[in-house]
Ligand SMILES: NC(=O)c1ccc[n+]([C@@H]2O[C@H](COP(=O)([O-])OP(=O)(O)OC[C@H]3O[C@@H](n4cnc5c(N)ncnc54)[C@H](O)[C@@H]3O)[C@@H](O)[C@H]2O)c1
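Numbering (my numbering), first residue to last: 47 to 290.
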């Protein structure tokens, strides 16, 4: 499926799953606007994607914090002004378990997780819907398998934030369907990103039918499918990407 010349925006594009999605979309011809809180990582991501694609991809990079709606509004407007109508959005940015305080009721941890993983997705979805192409658009949110079930040992705030993304996807899809904007969600089990590879080094690999961690490219290909016209009748749903 080609995205030739179409603008797709990606949050969390400096690392892991967001970077894998951006690389795949660039290979398929998308014009990209990439956002992340990590400015240095974004610069490296851009250089990598440009080195992989010839002729060079159209890429805009913006360092921002998804918790700040004003920054998101200005990013999306700037992206549209520079690269044309907004066709797709992959809202991947998130904070995972690495900074766990150990206290499930810790207020700062709650605010950080919910602000980034849930409210951040709302900020992006709202700005993206306001600037979507008149031909229609597709948004993909990233939840987690712990957005569908509660897993012992996974933090309260992370679990609730990812359950929230599933609910947000359902409700916002209902609101945006009349504008021909589809909104779906992916719920991956553990993906071998730099972060989780480190965290899982000393642990047993979680059970799934495939008996392995997912590769970021395997999540990216599902995200690309949902963004594309090949998924034109899919909206409001969450798709586990969990190896069975
Ligand atoms: N890796 C997994 O096993 C796994 C499993 C299920 C879901 N997920 C989800 O996938 C997404 C990406 O995770 P990952 O494993 O690639 O982690 P990662 O840490 O490699 O990537 C997350 C990116 O989000 C960025 N980010 C964090 N806070 C931000 C903020 N406030 N504003 C803008 N950018 C911010 C980080 O700088 C980073 O580049 C997250 O939503 C995560 O919850 C990951």
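Backbone N, C-alpha and C define an ideal beta-carbon position, used for all residues, glycine too.
Compare the beta carbon distance of residue i and residue j with 8 Å and say whether it is the shorter of the two.
i, j, result
"residue 132", "residue 122", "yes"
"residue 26", "residue 76", "Nothing can be reported for residue 26, as the shown portion of the chain is limited to 47 through 290."
"residue 175", "residue 225", "yes"
"residue 55", "residue 135", "yes"
"residue 71", "residue 78", "yes"
"residue 171", "residue 53", "no"
"residue 91", "residue 80", "yes"
"residue 82", "residue 116", "no"
"residue 180", "residue 233", "no"
"residue 291", "residue 192", "For residue 291 there is no data in the structure shown, the boundaries of the chain being 47 and 290."
"residue 196", "residue 162", "no"
"residue 219", "residue 281", "yes"
"residue 292", "residue 156", "In this structure the chain extends from 47 to 290, so residue 292 is not present and cannot be described."
"residue 261", "residue 177", "no"
"residue 151", "residue 210", "no"
Does the beta-carbon of residue i, which I'm using as the reference point, lie nearer than 7 Å to any heavy atom of ligand 1?
i, result
"residue 69", "no"
"residue 89", "no"
"residue 57", "yes"
"residue 234", "yes"
"residue 139", "yes"
"residue 60", "yes"
"residue 286", "no"
"residue 162", "yes"
"residue 188", "yes"
"residue 239", "yes"
"residue 201", "no"
"residue 182", "no"
Please check the pair residue i and residue j, which I expect to be a contact at CB under 8 Å, by giving their CB distance rounded to whole angstroms.
i, j, result
"residue 286", "residue 62", "The Cβ separation is near 18 Å, so there is no contact."
"residue 214", "residue 168", "6 Å"
"residue 95", "residue 105", "6 Å"
"residue 166", "residue 113", "6 Å"
"residue 237", "residue 259", "6 Å"
"residue 160", "residue 200", "Contact flag wrong, Cβ pair sits at about 15 Å."
"residue 47", "residue 69", "Contact doesn't hold; Cβ gap of about 15 Å is too wide."
Where do the N-terminal and C-terminal ends of the alpha helix (DSSP H) with residue i fall, by residue?
i, result
"residue 157", "153 to 159"
"residue 262", "262 to 273"
"residue 113", "Here residue 113 belongs to no alpha helix (DSSP H), and DSSP marks it neither H nor E."
"residue 171", "166 to 176"
8 Å is my cut-off, CB to CB: does residue i come that close to chain C?
i, result
"residue 230", "This model lacks chain C altogether, as it is built from one protein chain only."
Could you tell me the boundaries of the beta strand (DSSP E) in which residue i lies?
i, result
"residue 228", "227 to 234"
"residue 207", "No beta strand (DSSP E) holds residue 207; the alpha helix (DSSP H) holding it covers 202 to 222."
Query raised in the report: When the Cβ atoms of the region 101 to 110 are set against those of the region 269 to 285, are three or more pairs found closer than 8 Å?
Result: no
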